[in-house]
Amino acid sequence: MNTNNYNVQDLDKIRISRGNSNAVKRICWMSKIKEFASFLKNSDFFTRSKILTKIFENYSWNDYWDCQWNKTSWGWTTPKELTIYWEFREKYENFSSLSLDHWLMTYLPEFMEFIKEPQISNLSFLDARQAFSKKLGYQEVWRGMMLTQEELEYIEKSWINSNFVLKIPDFDEPEIQFEAQILSAYVNDLYERHIHNENHLSPFVSISYERDIAIAVWRHFWVKNDWRKFYLFKIKIPKIDLISYTEHAVKTPSIFDRVKNNLLSIIVDDRESAHKWDSNSTESYVFWKIDPEEIIEVTQPDIKKSAWNNKVTLD
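Under our numbering, read the sequence shown as residues 62 to 376, first letter to last.
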């Protein structure tokens, strides 16, 4: 099976984040990789779940697992213990392809309880994921953006894309960029760089469970001018597709260690609130894009003043 017509270690030369090229192993014919490249180029026409299916079809979960999810955990004063990933791998190998799925790994303890049911344990891994997603249900989230009228119209009929998806048209070999910037990048480093805005090819879209956080933060960070106006997006998304910080999967970024004793202050006109910096409701992440059918409302709230961490934005 001719799958690697390049040296996988070359990914190290173009990767932005820290990572391990050995996480990438193609498990298909070269013709399928070319189909995957074409799929990436045309991903505007496909849903977020479709990209995940394509990843499962083309890449080895085993190699990815070995590089991303530790077998044991330990500390200076604690003995080595088998991590929850490897407990999952040993007990439920038929579902192990899901290790490629950051979304589900967020909910791994709950998923392991869920698949103990006989009617679930006999399902394929994709059917089990779908059943678990149905059990988790949906979450209402918010995102603010400064947009031109043309950009707004594009989003309303297309998607809210991550930076990586926006850059795909510029790639000669999108499959190589996908392997370098996403598949071989260390999970925690990907999120850390996203938080610091240090990855212009980030595959994530930030959202908040809190309406006022979405207003205050995006009014502060996005540039407003005569052509761009502030829009607030109300989004309903499967909860399984929301990536958040946990002890067992995506670690809380180190930046929050410096502010763990402080709260994030938010002001929107006469409303004031305070939030934990590392709370999942403050900021969570969606991989790849937000699909158009998930956008349930777009408004232009009449905001005169907002503040994020005491940084004031006036209308």
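No residue lacks a Cβ here, since even glycine has one placed at the ideal position from N, Cα and C.
Remember, it's a predicted structure, so these values are computed and weren't measured experimentally.
Q. Quick check: the segment 166-185 against the segment 270-290, are there 3 or more CB pairs under 8 Å?
A. no
Q | Endpoints, beta strand (DSSP E) assigned at Asp-334 | A | Walking along the sequence shown from the start, residue 334 turns up at place 273. Sequence check: residue 334 is Ser here, not Asp. 332-337 is the extent of the beta strand (DSSP E) around Ser-334.
**Q.** DSSP-derived helix/strand/coil call for Glu-211
**A.** Locating residue 211 in the sequence shown gives position 150, counting from the first residue. When secondary structure is reduced to three states using DSSP, Glu-211 falls in the helix class.
Q) What residue range is occupied by the uninterrupted alpha helix (DSSP H) comprising Val-278? A) Counted from its first residue, the sequence shown places residue 278 at position 217. For Val-278, the uninterrupted alpha helix (DSSP H) run begins and ends at 272-282, by DSSP.
Q) Alpha carbon to alpha carbon, how far is Thr-360 from Ile-351? A) Numbered from 1 along the sequence shown, position 299 holds the residue referred to as residue 360. Numbered from 1 along the sequence shown, position 290 holds the residue referred to as residue 351. Per the coordinates, the alpha-carbon of Thr-360 lies some 17 Å from the alpha-carbon of Ile-351.
(Q) One question on the structure: do Leu-101 and Phe-265 come within less than 9 Å of each other, judged by their Cβ atoms? (A) Here residue 101 corresponds to residue number 40 of the sequence shown, with the count starting at 1. Here residue 265 corresponds to residue number 204 of the sequence shown, with the count starting at 1. No, they are not a contact pair.
Q) For Trp-288, which three-state DSSP category applies? A) Walking along the sequence shown from the start, residue 288 turns up at place 227. The answer is coil: DSSP assigns Trp-288 none of H, G, I, E or B.
Q: Kindly give me the distance between the Cβ atoms of Ser-34 and Arg-76, rounded to whole angstroms, as I take these residues to be in contact under 8 Å.
A: Because the chain spans 62 through 376 in this model, residue 34 falls outside it and cannot be assessed.
Q) Under a Cβ-count criterion, where at least 16 other Cβ atoms within 10 Å of its own Cβ denotes burial, should Arg-332 be classed as buried or exposed? A) As a first step, residue 332 must be located in the sequence shown, where it is residue number 271. It is exposed - the Cβ of Arg-332 has fewer than 16 other Cβ atoms within 10 Å.
**Q.** Simplified DSSP state of Glu-154, which is helix, strand or coil
**A.** The count along the sequence shown starts at 1 and reaches residue 154 at position 93. Residue state, collapsed to three classes: helix.
Q: Look at the Cβ atom of Ile-328, then the Cβ atom of Lys-366, and state whether they are nearer than 9 Å.
A: For this step, residue 328 is matched to residue 267 along the sequence shown. For this step, residue 366 is matched to residue 305 along the sequence shown. Cβ distance < 9 Å, so Ile-328 and Lys-366 count as in contact.
Q | Touching by the beta-carbon criterion (3+ pairs, under 8 Å), the segment 339-358 and the segment 103-110 | A | yes
Q | Pairwise C-alpha distance: Asn-341 and Pro-299 | A | Taking the sequence shown and counting its residues from 1, the one referred to as residue 299 is at position 238. Taking the sequence shown and counting its residues from 1, the one referred to as residue 341 is at position 280. Each residue's alpha carbon lies about 15 Å from the other.
Q.
In the DSSP assignment, the alpha helix (DSSP H) including Leu-72 goes from what residue to what residue?
A. Translated into positions along the sequence shown, residue 72 becomes position 11. Counting along the chain, the alpha helix (DSSP H) containing Leu-72 begins and ends at 72-75.
Q: Grab me the residues of Asn-224's own chain with a C-beta within less than 7 Å of its C-beta, minus the 5 sequence neighbours each way, in chain order.
A: For this step, residue 224 is matched to residue 163 along the sequence shown. A distance below 7 Å between beta-carbons, with the five flanking residues on each side excluded, links Asn-224 to the following residues of its chain, in chain order: His-261, Leu-262, Ser-263.
Q) So the alpha helix (DSSP H) Ile-256 belongs to, where does it begin and stop? A) Residue 256 sits at position 195 when you count from the first residue of the sequence shown. Ile-256 -> alpha helix (DSSP H) spans 248-256.
Q. Cα-Cα, which of Asp-71, Ser-82, Val-69, Lys-74 is closest to Val-248?
A. Start at 1 with the first residue of the sequence shown, and residue 248 comes out as number 187. Cα-wise, what sits closest to Val-248 is Ser-82.
Q: Using beta-carbon positions only, say whether Lys-295 and Ile-357 come within less than 9 Å of one another.
A: Position 234 of the sequence shown, counted from the start, is the residue given in the question as residue 295. Position 296 of the sequence shown, counted from the start, is the residue given in the question as residue 357. Their beta carbons are under 9 Å apart, which means Lys-295 touches Ile-357 by this criterion.
Q | Residue range of the beta strand (DSSP E) that includes Thr-360 | A | For the purposes of this step, residue 360 is identified with residue 299 of the sequence shown, where counting begins at 1. Per DSSP, Thr-360 belongs to the beta strand (DSSP E) from 356-360.
**Q.** Nearest-angstrom Cβ-Cβ length linking Pro-314 and Tyr-252, presumed shorter than 8 Å
**A.** Here the question's residue 314 lines up with position 253 in the sequence shown. Here the question's residue 252 lines up with position 191 in the sequence shown. Confirmed, about 6 Å.
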